[in-house]
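Heads up, this note's numbering is the position in the sequence shown plus 26, with the first residue counted as 1.
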Amino acid sequence: MSNTKIDILHILGEEVLPGESKEVNFDVANLHTSTPVNVPVIIERSNKSGPIVLFTAGIHGDEVNGVEIVRQLIAKGINKPKIGTIICMPVINVFGFINLKREFPDGRDLNRVFPGNSNGSLAGRVAHKLTHEIIPHADLIIDFHTGGSGRFNAPQLRYSKGNTKLNDLAKVFGAPFVLYSKNVSKSFRTTCFKLNKPLLLFEGGKSFHIDDIVTNSGVNGSKRILKHLGMLNTGFKSSKPKNDCVFITESKWIRAKYSGMFKAVVPCGTHVEKEDILGHIMDPYGKFNYFVRARNSGFVINVNESPIVYQGDALFHISLELKK
Numbered sequence: 027m028s029n030t031k032i033d034i035l036h037i038l039g040e041e042v043l044p045g046e047s048k049e050v051n052f053d054v055a056n057l058h059t060s061t062p063v064n065v066p067v068i069i070e071r072s073n074k075s076g077p078i079v080l081f082t083a084g085i086h087g088d089e090v091n092g093v094e095i096v097r098q099l100i101a102k103g104i105n106k107p108k109i110g111t112i113i114c115m116p117v118i119n120v121f122g123f124i125n126l127k128r129e130f131p132d133g134r135d136l137n138r139v140f141p142g143n144s145n146g147s148l149a150g151r152v153a154h155k156l157t158h159e160i161i162p163h164a165d166l167i168i169d170f171h172t173g174g175s176g177r178f179n180a181p182q183l184r185y186s187k188g189n190t191k192l193n194d195l196a197k198v199f200g201a202p203f204v205l206y207s208k209n210v211s212k213s214f215r216t217t218c219f220k221l222n223k224p225l226l227l228f229e230g231g232k233s234f235h236i237d238d239i240v241t242n243s244g245v246n247g248s249k250r251i252l253k254h255l256g257m258l259n260t261g262f263k264s265s266k267p268k269n270d271c272v273f274i275t276e277s278k279w280i281r282a283k284y285s286g287m288f289k290a291v292v293p294c295g296t297h298v299e300k301e302d303i304l305g306h307i308m309d310p311y312g313k314f315n316y317f318v319r320a321r322n323s324g325f326v327i328n329v330n331e332s333p334i335v336y337q338g339d340a341l342f343h344i345s346l347e348l349k350k
């Protein structure tokens, strides 16, 4: 993944020289008030040749925890590489981030319109620009996401099964879990796959929330990857993960059998045994208390933290087959 030589980086109409730090603007459209919207792209280059790593977050505007991870990489100076180049885009969907909404103002999910269209919707235009002016420069992409709709994800990496290069990188990253997940049509991940750009998708926490454990997992994993590539500056240490990464080949959701008030009693990331009590569904009048039990042994990798659930709502995501 190394470049044979280092030269001028031409990106978004700007030139970034070796050894230079530069912030360029990923601009697509103004707000409806004609106010310009700046989407900063922070670029740090070493004088020494090496890979180009792209850190992205905020494809969904309500996924604040991912934004926090990339913010910390920048604020702590982890993005200043020993060799090569690091590009950071903390908030891709700044339109949604302003209002803490998942979608763009046009109602579209950016992660379902790739590779986009230069003459299409607002989301489509952003996807097109990202596909043609940012992705081609990267040798490796790490994209940070969180759980949605009140569901809390244990820190995990997601990518399609059978990719030995990503398996090796995932072990280096050291998230607690890897969930093999098929590429979704018109997603950022699928577009990168088609362009032969390796991408690790990190999921952790939930929307509208910053969690220290999840944030630390993302930051520490990023440092391990940079160290593996010879890019981590000597001023930073990279700790080994406490446990080996668990590779999950199959998983299943437990859904609510009844509507009511809901309370989970097992932390996300816990290993449970079949028939263990995972939570309770209750009525508001103290007359009904249903015990939600595990249908199989495995790791709980997602927990619904909503206090109110309806029949059929997803409550717990539990691994079925484990591979280390």
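We treat Cβ as the ideally placed atom computed from N, Cα and C, and that holds for glycine.
On a CA-only basis, which of the options is nearest residue i? Give me that one, please.
i	options	result
GLY87	ASN105, GLY110 and ASN119	ASN119
LYS106	THR172, ARG151, MET257 and ALA153	MET257
HIS171	GLY312, ARG128, PHE262 and GLY110	ARG128
VAL50	THR59, LEU183, VAL63 and LEU57	VAL63
ASN91	ASN269, ASN242 and GLY200	ASN242
LYS300	ILE280, PRO310, ASP309 and ARG321	ARG321
VAL65	LEU38, PHE140, LYS74 and ASP165	LEU38
ARG281	LYS268, TYR316, PRO267 and HIS254	TYR316
SER75	ILE112, GLY286 and SER233	ILE112
PHE199	LYS266, ALA340, LEU341 and GLY286	LYS266
ASP53	SER47, LYS102, LEU148 and ARG138	LEU148
SER213	LEU136, VAL79, VAL329 and SER47	LEU136
HIS235	PHE219, GLY173, CYS218 and TYR284	GLY173
GLN337	ILE307, TYR284 and ILE303	TYR284
What residue does the alpha helix (DSSP H) around residue i start on, and which one ends it?
i	result
GLN98	90-101
ILE251	238-254
ARG134	Looking at the DSSP string, ARG134 is not in any alpha helix (DSSP H), and its letter there is neither H nor E.
LEU156	148-159
ARG215	214-220
THR190	190-199
Could you name the residues of the same chain whose beta carbon sits closer than 8 Å to that of residue i, not counting the 5 residues immediately before and after it, in chain order?
i	result
TYR185	LEU192, ALA196, VAL204, TYR206, SER207, ARG215, LEU225, LEU226 and LEU227
ILE104	GLN98, VAL245, SER248, LYS249, LEU252, LEU258, ASN259 and PHE262
ILE327	ASN179, ALA180, GLN182, PHE203, LEU205, ILE274, SER277, CYS294, GLY295, HIS343, ILE344 and SER345
CB-CB under 6 Å to residue i, same chain, minus the five flanking residues each way: which ones, in chain order?
i	result
ARG97	PRO116
CYS114	ILE68, PHE81, VAL96, ILE100 and ASN105
PRO131	PHE121
LEU8	Outside the shown range of the chain, which is 27 to 350, sits residue 8, and nothing can be said about it.
Count the other C-beta atoms from every protein chain shown that fall within 10 angstroms of the C-beta of residue i, then say buried if there are 16 or more, exposed otherwise.
i	result
ASN12	It is not possible to answer for residue 12, since the shown part of the chain is limited to 27 through 350.
THR157	buried
GLY142	buried
GLY188	exposed
ARG319	exposed
GLU41	exposed
HIS154	buried
ASN56	exposed
VAL291	exposed
LEU255	buried
Got a sec, what are the start and stop residues for the beta strand (DSSP E) residue i sits in?
i	result
ARG128	From DSSP, ARG128 is part of no beta strand (DSSP E); its letter is neither H nor E.
VAL292	That residue, VAL292, is in no beta strand (DSSP E); it is neither H nor E in DSSP.
THR172	166-173
Could you round the C-beta distance between residue i and residue j to whole angstroms and report it? I think they count as a contact, below 8 Å.
i	j	result
LYS289	GLY305	6 Å
ILE168	LYS223	The Cβ separation is near 11 Å, so there is no contact.
Apart from the five residues just before and just after residue i, which ones in its own chain have a Cβ nearer than 7 Å to its Cβ?
i	result
VAL240	ASN91, PRO181, GLY230 and GLY231
PRO310	MET287
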